[in-house]
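Chemist: Mind looking over this structure? Questions follow.
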Amino acid sequence: MKSISLLPNIILFRLKFAFFFQVYDATNTTVDRRKLIYDIVCEKFGCKLFFVESLCDDESIIEANLKEVKVKSPDYKNRDVEEASKDFIARIEHYKTVYEPLNEKVENKYSFMQIYNAGQKVFVHRHEGNRKAFTSYLVFTSYLVCFSNSSFFPQ
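Quick look at the structure:
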C-alpha cells in the first residue's frame, strides 16, 4: 500500500514537466485497488489512465522468464538461484489466490491492455485517442522486442 501514497507526487511531477506519459509499475491485484488508482489519477487529477496487464499460464514461458529475468533482478540480488526460483514460484502461487484480472464488464470505464502468454494474444479495451493508441503501440512493441530478443523464444 506504500506505493499508492506516492501516486499523487508522481502525477504532480508528470504535470509539472509535461511528460507524455508516466509508468506507475505496481501489482494492482484487485478491482478495489484499481478503482483507488482510477479515482486518484482520473477523478482527482483529471489525467488519463491506461492499465497494462500481463497474464501467463504457459509453464515454459514462466520457467524461461524465471531463469532469464527474475533470478537476476534486484529482488534476488546475492541469493541462490534455487532459493530465488522457489520464492518466485511461491509469489505466483500467492497471486493466484488473490489476483482479480481486469474485467471489461466490471471495470468497463477503464482503458486497458491485456497481454497473454508473452504476446500470444492481446486484448485492448476502450482504446481512445492518439496518445493511447501510441502508448499501446509502444507498450506492445517493446514487450515483443524484449521477449523476441530473449534466448528462450525461437527465432
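Each number in the working numbering corresponds to the 1-based position in the sequence shown with 10 added.
For every residue, glycine included, the Cβ atom is placed at its ideal position computed from N, Cα and C.
Given 8 Å as the limit, is there contact between the region 107-125 and the region 38-48, that is, 3 or more CB pairs closer than that?
Modeler: Taking 8 Å as the limit for Cβ pairs, the verdict is that the region 38-48 does touch the region 107-125.
Chemist: Do L59 and Y126 have their beta-carbon atoms positioned less than 8 Å apart in this structure?
Modeler: No, these two residues do not count as a Cβ contact at 8 Å.
Chemist: Tell me whether K115 sits in a helix, a strand or coil according to DSSP, three-state version.
Modeler: Three-state DSSP puts K115 in coil, outside helix and strand.
Chemist: Just verifying my parser: in three-state terms, what is the DSSP assignment at K58?
Modeler: If DSSP states are grouped into helix, strand and coil, K58 belongs with coil.
Chemist: Label N19 either buried or exposed according to how many other C-beta atoms from any shown protein chain fall within 10 Å of its C-beta, with 16 as the threshold for buried.
Modeler: It counts as exposed.
Chemist: From what residue to what residue does the beta strand (DSSP E) around V134 run?
Modeler: Where V134 is concerned, the enclosing beta strand (DSSP E) stretches over K131 to H135.
Chemist: Straight-line CA distance for D90 to L46?
Modeler: So the two alpha carbons sit approximately 37 Å from each other.
Chemist: Residues in its own chain within less than 6 Å of V51 by CB, not counting five upstream and five downstream?
Modeler: Around V51: C57 and L59.
Chemist: If you scan the region 66-109 from start to end, which runs of the alpha helix (DSSP H) of 4 or more residues do you find wholly inside it?
Modeler: Here the runs fully enclosed are 69-78 and 91-108.
Chemist: Going by C-alpha distance, which of L65, I14, H135 and D35 is nearest V116?
Modeler: When only C-alpha atoms are compared, the closest one is H135.
Chemist: In whole angstroms, what separates the C-alpha of D85 from that of F98?
Modeler: Roughly 10 Å between the two C-alpha positions.
Chemist: Name the residue from F61, N75 and Y48 whose alpha carbon lies nearest to the alpha carbon of D35.
Modeler: Closest option to D35, Cα to Cα, is F61.
Chemist: With burial defined as no fewer than 16 other Cβ atoms inside 10 Å of the residue's Cβ, what is the status of F133: buried or exposed?
Modeler: With fewer than 16 Cβ atoms within 10 Å of its Cβ, F133 is classed as exposed.
Chemist: Using only the alpha-carbon positions, how far apart do K54 and N118 sit?
Modeler: In a straight line, the C-alpha of K54 is about 19 Å away from that of N118.
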